[in-house]
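Working notes, beginning with the structure itself.
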């Protein structure tokens, strides 16, 4: 019996090792870049990292990334000067571009439209909200003062939940020694990405919750959307008061269809510039998002780039 258990254990280890090798050979487990807080308490990626981001359980998206010295996925190093025309795109994973070749990003498409007469810096980081974005711009205000035009992506229903910036420990906790050790296994990363681990995590979470509190859960209260909209608007005003906002230089990128009319009215009455990308993205004759993910595909990025290009030409008094 003892020998049987030892054999089962040995074969089990060999089986796991074989799966790990196959996962690495066929590159099924994506590379997970490391995060950090810089000297200004801005969360970003550790500079100098390269690897491949993958989405889908059949490598539907397999894209190389390159983290520049500023901590963002870009083929550019961010070095704004008074002598060049520079544009900044600030936002979350849609700007970050782990779903696209970094050399064919939204920013690169804008540069191509101007025949490389300007540079586009993409300050994109998965999970950024408006507090992260304005805090970033405030922390690096010397750079942003040199940048000529700034476009800030904003999703009203989840980017204005905070009235001030605070470090997101939930994301940084993923850099714990244990998680860093687990990331060494491509097999574990692959199983996590395809959802194989989710039932186990869910069971553990439910068990812990049951142990902590074995009382029936109360029904969720009714949602007062008008109250929420007012709260988000107040948060926007608070962030602008805290970190400042250049109405002449900054332009919001948003989907009007998904934005509260209260907020749109506020923007118009207070002379905030914005571009509505929703109409063209949502009602295009061709798909604008990835099949397995709601991030923009190549055509979707072209639409965004064209809208920004049109706005820039208007500001720079250039003909098409």
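Residue numbers (our numbering): 70 to 389. Built from N, CA and C at the ideal position, the CB exists for glycine as well. Here the structure is a predicted model, which is why all the values come from computation and not from measurement.
Residue 294 (DSSP reduced to helix, strand or coil): The residue you call residue 294 lines up with position 225 of the chain shown. The answer is helix: DSSP assigns residue 294 an H, G or I state.
Can you tell me whether DSSP reads residue 358 as helix, strand or coil? As a position in the chain shown, residue 358 is number 289, starting the count at 1. DSSP places residue 358 in the strand class (E or B) of the three-state scheme.
Would you please verify whether the beta carbon of residue 371 is less than 8 Å from any beta carbon of chain D? No chain D is part of this structure, which consists of one protein chain only.
Enumerate in chain order the residues of its own chain whose CB-to-CB distance from residue 155 is below 6 Å, with the five nearest sequence positions on each side excluded. Mapped onto the chain shown, residue 155 falls at position 86. The answer, listed in chain order, is 149, 188, 216 and 217.
The beta strand (DSSP E) with residue 173 in it runs from where to where? Start at 1 with the first residue of the chain shown, and residue 173 comes out as number 104. It is not in any beta strand (DSSP E) - residue 173 carries neither H nor E in the DSSP assignment.
Along the beta strand (DSSP E) that carries residue 218, what are the first and last residues, could you check? Position 149 of the chain shown, counted from the first residue, corresponds to residue 218. Annotation: the continuous beta strand (DSSP E) that includes residue 218 extends over 218-222.
If contacts are defined as beta-carbon pairs under 8 Å, then residue 118 and residue 136 qualify, I think. What distance do you get, rounded to the angstrom? As a working note, residue 118 is residue 49 in the chain shown. As a working note, residue 136 is residue 67 in the chain shown. That pair is a contact at about 4 Å.
Between the CA atoms of residue 109 and residue 210 - distance to the nearest angstrom: Taking the chain shown and counting its residues from 1, one reaches residue 210 at position 141. Taking the chain shown and counting its residues from 1, one reaches residue 109 at position 40. Residue 210 and residue 109: Cα-Cα distance of roughly 11 Å.
Which runs of the alpha helix (DSSP H) at least 4 residues long sit entirely within the stretch 114-167? Give them in chain order. Listed in chain order, the complete alpha helix (DSSP H) runs (minimum 4 residues) inside the stretch 114-167 are 162-165.
Report the residue from 236, 224 and 145 whose alpha carbon sits nearest the alpha carbon of residue 163. Counting from one through the chain shown, the residue named residue 163 turns up at place 94. With distances taken between Cα atoms, residue 163 lies closest to 224.
Delimiting residues of the beta strand (DSSP E) encompassing residue 346: Position 277 of the chain shown, counted from the first residue, corresponds to residue 346. No beta strand (DSSP E) holds residue 346; DSSP gives it neither H nor E.
Within the continuous alpha helix (DSSP H) that includes residue 207, where are the two ends? Translated into positions along the chain shown, residue 207 becomes position 138. 199-208 is the span of the alpha helix (DSSP H), which, as asked, contains residue 207.
Am I right that residue 157 and residue 219 are in contact with their C-beta atoms under 8 Å? What's the rounded C-beta distance? Stepping through the chain shown from its first residue, residue 157 is reached at position 88. Stepping through the chain shown from its first residue, residue 219 is reached at position 150. Contact between residue 157 and residue 219 is confirmed by a C-beta separation of about 5 Å, below the 8 Å threshold.
Residue environment, residue 105, which counts as buried when at least 16 other CB atoms sit within 10 Å: Here residue 105 refers to the residue found at position 36 when the chain shown is read from its first residue. Residue burial annotation: residue 105 is exposed, with fewer than 16 other C-beta atoms found within 10 angstroms of its C-beta.
Report the rounded CA-to-CA distance for residue 303 versus residue 336, giving the unit in angstroms. Within the chain shown, the letter at position 234 stands for residue 303. Within the chain shown, the letter at position 267 stands for residue 336. Spanning the alpha carbons of residue 303 and residue 336 requires a straight line of approximately 13 Å.
Span separating the alpha-carbon of residue 371 from that of residue 355: The residue you call residue 371 lines up with position 302 of the chain shown. The residue you call residue 355 lines up with position 286 of the chain shown. Cα to Cα, residue 371 sits roughly 12 Å from residue 355.
Take residue 139 and list the residues in its own chain whose beta-carbon comes closer than 6 Å to its own, dropping the five residues that flank it on each side. As a position in the chain shown, residue 139 is number 70, starting the count at 1. The residues are 147.
My assumption, with CB atoms under 8 Å, is that residue 159 sits in contact with residue 221. Please give the rounded CB distance. What you label residue 159 is simply residue 90 of the chain shown in a count that begins at 1. What you label residue 221 is simply residue 152 of the chain shown in a count that begins at 1. The beta-carbon distance between residue 159 and residue 221, rounded to whole angstroms, is 5 Å. This is short enough to meet the 8 Å contact definition.
Whose CA, out of 180, 296 and 309, lies closest to the CA of residue 202? Here residue 202 refers to the residue found at position 133 of the chain shown. Looking at the Cα atoms, 309 is the closest of the given residues.
Based on the DSSP output, what are the partners of residue 320 in its beta bridges? Numbered from its first residue, the chain shown carries residue 320 at position 251. 220 and 342, per the DSSP bridge assignment.
With respect to the alpha helix (DSSP H) encompassing residue 225, which residues constitute its N-terminal and C-terminal limits? By 1-based counting over the chain shown, the position of residue 225 is 156. Per DSSP, residue 225 belongs to the alpha helix (DSSP H) from 225-228.
Residue 98 to residue 123 span [Cα, whole Å]: Walking along the chain shown from the start, residue 98 turns up at place 29. Walking along the chain shown from the start, residue 123 turns up at place 54. Bear in mind that the predicted position of residue 98 carries a pLDDT of just 49, short of 50, making it unreliable; the figure below should be weighed with that in mind. Whole-angstrom Cα-Cα distance: 8 Å.
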